[in-house]
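Protein chains in written order, with my numbering: chain W, 1 to 270; chain A, 1 to 258; chain B, 1 to 516.
All C-beta atoms in this analysis are idealised placements derived from N, C-alpha and C, irrespective of residue type, glycine included.
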Ligand SMILES: Nc1ncnc2c1ncn2[C@@H]1O[C@H](COP(=O)(O)OP(=O)(O)OP(=O)(O)O)[C@@H](O)[C@H]1O
Ligand SMILES: [Mg+2]
């Protein structure tokens, strides 16, 4: 009996490990395939444009909304804090730096993961369970090339664009709250916003967002591509895709922040 | 020209194929019958390389499918046309886009030529003026026929039909049967058809193979499969077919007379 | 948007993205695009440069003229290489300081331009630099307040340090010493009477507490007696330097030239103080003790006055607590912070007054001066909080060699005034205590009795510390005082006399204008 339990446990651990290694291997293979097809011509720009509209332009409203209110809340909150030691003029600085360095890229990535990454999984998952992906194979068309590459291109290129806009909208939101609600001097606010900001703050944010875009689209496609189990499987895959996307974004965010901001640069400035 | 040798395939504990041996000759019309869930669809997916066997191998025109590189596999697949059981039309493309997909991807034909060919193929499956529709706007039977049109658009040498007449009315089923017979006989196309429809099987089959419990348990001409079987499972399965055949024989309208 | 092609949508989106990118880039870099440092640079050495890093701004009159190119350590000093923009030049007698932008803003180097016609050469060294103050720029922000205090203390030291002041002080002191000499003579000539007086006074102070509390009418009487007594010494003495001088010389004249008149005054005093001691006249034993005390007292008086001189000298040099207080920047800064905070508080509450004060006394038994520094926060006219720092000079009696570092004593007590009486309670000289002030003669006179250290100071002093002081305010902000400390403990018992100031912060200017 005891032996059975012990063996069972060992088997469970072993199987779990094997599954994990397999999943990582599969993912690696998937990323490798994607990179291979990314580098092969011709790229299907038509499909990529469609995806760019989907990931980029169509995500803009929700990114706008998120960034706007984040900027507004940031202004309110930091104002409350700074007022306590008379540094209200720093609100703009905080909003600007927070948006460009951290919140712009990360929030945009999260929003796009929820909106476009999950859509990618659902689309590809549906195609998988209705055998459309198989159909592509039988028509001698590689689904990575036809389905994944355009999405990865769109994700990687559109995230920075969305992030720039989120930065802007967030700063705008903070500005509106600070000037209209908290009575800040508009000129001073803008001056303070950019006084301590450096190119590095924004561009490293954009670089981050590019990586995030790649992660979102690759994870979204991967989860969809290997969907199993019919309509229900599509649902599960979509959930998994969002969860995995979030986790990888946070992980990558930490690593990138450590890499980009650690040695001097903008990091030491504030 | 297509050899399936000792194929084994399992999904987890579900051992679907358990030593399938099947030889399909060039230009013949092979019909595969078998109970639901016995692995017919799995078998033909092995032929086109969508699934790879756990053991055994599939050879097409002397090439082992499992050994092919991606590009070679694609070249091989260009010889094939396949109709999926669920049609598997691309949701994001119009009917015209679906049918003309391979033409657009693999040929240098002008769009007008492609449109022409698409129209032709759709007419062959009894459809007209549906090019601009999206798959979501079609009925199940219509999808099936669009899938069929897509499978034959490239004039393939081998066509794999997974239940082409399922979900069609009898008239339309006859049209499809005729289409399969015509393409196979006239164009010397090799076809592999999965069907539960004994009428259809009677009409189109040069040979019939029955898959049962992971193995081919009966193979031969329709007469051989329907009358000379001792296996009770086979006898039971082909009961209807036998009746149809006997009736046809009485009426002198059997296939051979045509 | 519905009829737009995807390409058009994407085009709009991308163009919008680039527009925003361009705007952000320009906003961030706008100012910096034009601020590439030129070829000119020079070097400044700082003792410490915390907060200044590469790329920190270099400004003159608030205008950015360059940036820090490099910060290195050289010979334990910070070597800062400054790169100048464009055509800016820096006079070679300029002073480099470290400043902060606002409370939390980044640090930058401010160059205060000099007047030299020659400029710092390219690659040369700017000789003058002021390191940032330790307590950071929060304090720098309060430098306005600091300046005020500085002015006060400068004036103080000037008044004592200037020829005029010194002369004045000298004459005061010589007058006082003459006075005491004459007093000695008087004592020699009028032993009998004087002995009586002294005994009276002695007894009077001993039972003062009792009398004051028990008999308010008598208190008034005694105050008017004291009044007439003081009148004999200095008629209507409103201003110190002039009138104290006059008074002192007057007394001297009186004493030396007019012995008979003095005798009369003495009898007056005797009569006046007689009210206190009817019962005690017969106690002859005490006379002798009192006599002895007086002898010491008159000797001490000389010493005290000499010490006053020493004290003021010390203040100037920055020795002792007050000296430290007025000279040391850190204390200044702390003080300024306190004052600034109190000032803000004052602004908010309107009526609150913050006074600062200092006093120095000479202690007979310790043969040493003791100084105090006080802050008085007065939220209402009849109530104040007193914060006081002083040195514990008793240590020099008991243990260790003299002039070892005295430990500091802290007081923080609350006081409330009812009519002519003020009751105090709280921390007194680092221990719990209570006290009573009696005000009289239009607040020109104040008698104080404080009791604290209830469990005693050490094994040599097991009784509570009793301190009695009489303060005389010839003028609102200045006071002279005498008194006795540790009256209940023989070992440490001491008498003292000293001089002090106490003024509300906003009265300082008035005070200075009037007094100095
Ligand atoms: N991708 C897959 N993963 C797991 N199991 C599968 C997969 N494809 C097929 N199967 C299982 O293999 C068995 C055979 O399936 P298959 O689709 O080949 O049946 P079929 O003979 O075509 O049945 P039907 O006549 O109903 O189409 C089924 O039990 C099915 O559940
Ligand atoms: Mg099937």
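Backbone CA spacing between residue i and residue j [nearest angstrom]
i, j, result
"residue 162 of chain W", "residue 173 of chain W", "16 angstroms"
"residue 77 of chain B", "residue 91 of chain B", "23 angstroms"
"residue 1 of chain W", "residue 14 of chain W", "20 angstroms"
"residue 427 of chain B", "residue 388 of chain B", "10 angstroms"
"residue 57 of chain A", "residue 64 of chain W", "56 angstroms"
"residue 82 of chain A", "residue 58 of chain W", "36 angstroms"
"residue 39 of chain A", "residue 17 of chain A", "7 angstroms"
"residue 399 of chain B", "residue 499 of chain B", "In this prediction, residue 399 of chain B has a pLDDT of 46, which is less than 50 and means its spatial position is unreliable; what the coordinates show is noted afterwards. If I take the Cα positions, the gap works out to 28 angstroms."
"residue 108 of chain W", "residue 247 of chain W", "15 angstroms"
"residue 131 of chain W", "residue 226 of chain W", "12 angstroms"
"residue 199 of chain W", "residue 92 of chain W", "17 angstroms"
"residue 156 of chain A", "residue 205 of chain A", "19 angstroms"
"residue 375 of chain B", "residue 424 of chain B", "15 angstroms"
"residue 120 of chain A", "residue 125 of chain W", "32 angstroms"
"residue 55 of chain A", "residue 7 of chain A", "6 angstroms"
"residue 116 of chain W", "residue 181 of chain A", "46 angstroms"
"residue 76 of chain A", "residue 46 of chain A", "13 angstroms"
"residue 140 of chain A", "residue 167 of chain A", "7 angstroms"
"residue 196 of chain W", "residue 240 of chain W", "40 angstroms"
"residue 231 of chain W", "residue 134 of chain A", "20 angstroms"
"residue 198 of chain A", "residue 240 of chain A", "7 angstroms"
Residue environment, residue i, which counts as buried when at least 16 other CB atoms sit within 10 Å
i, result
"residue 115 of chain B", "exposed"
"residue 164 of chain A", "buried"
"residue 477 of chain B", "buried"
"residue 193 of chain W", "buried"
"residue 19 of chain A", "exposed"
"residue 142 of chain A", "buried"
"residue 461 of chain B", "buried"
"residue 52 of chain A", "exposed"
"residue 201 of chain W", "buried"
"residue 143 of chain W", "buried"
"residue 241 of chain B", "With a pLDDT of only 44 at residue 241 of chain B, under the threshold of 50, the placement of this residue in the model should not be trusted, and no figure is reported."
Proximity of residue i and residue j at Cβ, strictly below 8 angstroms
i, j, result
"residue 94 of chain W", "residue 78 of chain W", "yes"
"residue 173 of chain A", "residue 100 of chain A", "no"
"residue 124 of chain A", "residue 179 of chain A", "yes"
"residue 44 of chain A", "residue 160 of chain A", "yes"
"residue 98 of chain A", "residue 140 of chain W", "no"
"residue 66 of chain W", "residue 111 of chain W", "yes"
"residue 445 of chain B", "residue 421 of chain B", "no"
"residue 81 of chain B", "residue 64 of chain B", "no"
"residue 209 of chain A", "residue 219 of chain A", "yes"
"residue 466 of chain B", "residue 482 of chain B", "no"
"residue 51 of chain W", "residue 150 of chain W", "yes"
"residue 59 of chain B", "residue 108 of chain B", "yes"
Contacts of residue i in chain B (Cβ-Cβ under 8 angstroms)
i, result
"residue 167 of chain W", "20, 24"
"residue 202 of chain W", "24, 25, 28"
Cross-chain neighbours of residue i in chain W, by beta carbon under 8 angstroms
i, result
"residue 77 of chain A", "137, 138, 139, 140"
"residue 10 of chain B", "49, 52, 53, 56, 57"
Contacts that residue i makes with chain A (C-beta to C-beta distance below 7 angstroms)
i, result
"residue 130 of chain W", "86, 88"
Contacts that residue i makes with chain W (C-beta to C-beta distance below 7 angstroms)
i, result
"residue 131 of chain A", "Near residue 131 of chain A there are no residues of chain W at all, since even the closest Cβ is about 18 angstroms away, more than 7 angstroms."
"residue 14 of chain B", "161"
> Who's in the neighbourhood of ligand 3, going by beta-carbon under 5 angstroms from any heavy atom, listed in chain order?
Replying inline: Ligands displayed in this structure: ligand 1 and ligand 2; ligand 3 is not among them.
> If contact means a Cβ-Cβ distance below 7 angstroms, which residues of the segment 220–238 of chain W contact chain B?
Replying inline: none
> Mind listing which residues of the segment 109–122 of chain W have their C-beta closer than 8 angstroms to chain A's C-betas, in chain order?
Replying inline: none
>> So if I threshold CB-CB distances at 7 angstroms, which residues from the segment 146–166 of chain W count as touching chain B?
In response: 161, 164, 165
>> Residues of the segment 355–372 of chain B in Cβ contact with chain W at a cutoff of 9 angstroms, in chain order, please.
In response: none
> Using Cβ-Cβ distances below 7 angstroms, what residues of the segment 11–42 of chain W are close to chain A?
Replying inline: none
>> To be precise: take each residue of the segment 47–76 of chain W, compare its Cβ to all Cβ atoms of chain B, and keep it if any distance is under 9 angstroms. Which residues remain?
In response: 49, 50, 52, 53, 54, 56, 57, 58, 60
>> Output needed in chain order: residues of the segment 139–154 of chain A with a Cβ under 9 angstroms from some Cβ in chain W.
In response: 147, 150, 151, 154
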